[in-house]
Amino acid sequence: MTDVNINPNEASTTHPQALLTKVEWDAFRTWHGTSPLYALKMIVQTDGENANQIYNWQRGSFEQYSFLRNITKMTEEAEKISDNNYQALAKFFRAYYFYNLTLTFGDIPYAEAAKGESSEMFLPKYDTQKEVFVGILKELEEANTLLKSNTNPINGDIIYGGNSDKWRKLINSFRLKVLLTLSRKVQTFL
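In this text, residue positions in the sequence shown follow my numbering: the first is 338, and each later residue adds one.
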């Protein structure tokens, strides 16, 4: 009787290339609905109050953690098929999101974050901002190394069309951005 609630038409696994397209789309889209249009006064809501229209923004959101679910799943699927390209890009996107989160909030869940499904870790501990930055730099270095050693195409890539050299340039540029962010904190962080 264990197959009663199993849908035979629903996939339980996928190739990481199917996840990569969504991960890239979420990370690099710039317009989130109509909020920027309200803020720029390009459209005005007249039938009621709109938070963006009256500059009633909140400080920050943990929404970026929801994007990490697809990245975690992409990592798991890439490890199953031993594909370094997708593992490398997952490390880059993890670093990208955690960089933004730690700049917004300081100390955040990092090492134990996004492990609810795989490890049933639903209450991750908070890591210090220093630990997060050290982890980000390590992940970016690992991503660059993984891409350098792999010549397979990156299918599903809507940013660079599968060109790993361009990805390495982006990863190294982002790593430089992180280091520049920390340049006045050398004693503190490194």
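The beta-carbon is built from N, C-alpha and C at its ideal position, and this holds for glycine as well.
According to DSSP, residues forming a beta bridge with residue i
i: residue 445; result: 464
Residue environment, residue i, which counts as buried when at least 16 other CB atoms sit within 10 Å
i: residue 446; result: buried
i: residue 469; result: buried
i: residue 501; result: buried
i: residue 348; result: exposed
i: residue 489; result: exposed
i: residue 512; result: buried
i: residue 476; result: buried
i: residue 504; result: buried
i: residue 415; result: buried
i: residue 338; result: Legend: pLDDT at residue 338 = 49, less than 50; position of this residue unreliable, no value from coordinates given.
i: residue 351; result: exposed
i: residue 431; result: buried
i: residue 426; result: buried
Whole-number beta carbon distance between residue j and residue i, since they are thought to touch under 8 angstroms
i: residue 450; j: residue 402; result: 7 angstroms
i: residue 435; j: residue 473; result: 6 angstroms
i: residue 353; j: residue 423; result: 4 angstroms
i: residue 410; j: residue 356; result: 6 angstroms
Under 8 angstroms: do the stretch 478-494 and the stretch 449-466 share three or more Cβ pairs, one atom per stretch?
The stretch 478-494 and the stretch 449-466 do not touch, with fewer than 3 CB-CB distances between them shorter than 8 angstroms.
Report yes or no: do the stretch 342-357 and the stretch 477-487 share at least 3 C-beta pairs separated by less than 8 angstroms?
Contact between the stretch 342-357 and the stretch 477-487 is absent: fewer than three C-beta pairs spanning the two stretches fall below 8 angstroms.
Every unbroken beta strand (DSSP E) within the stretch 483-507, with a cutoff of 3 residues, ordered by chain
Counting only runs of 3 or more, we get nothing.
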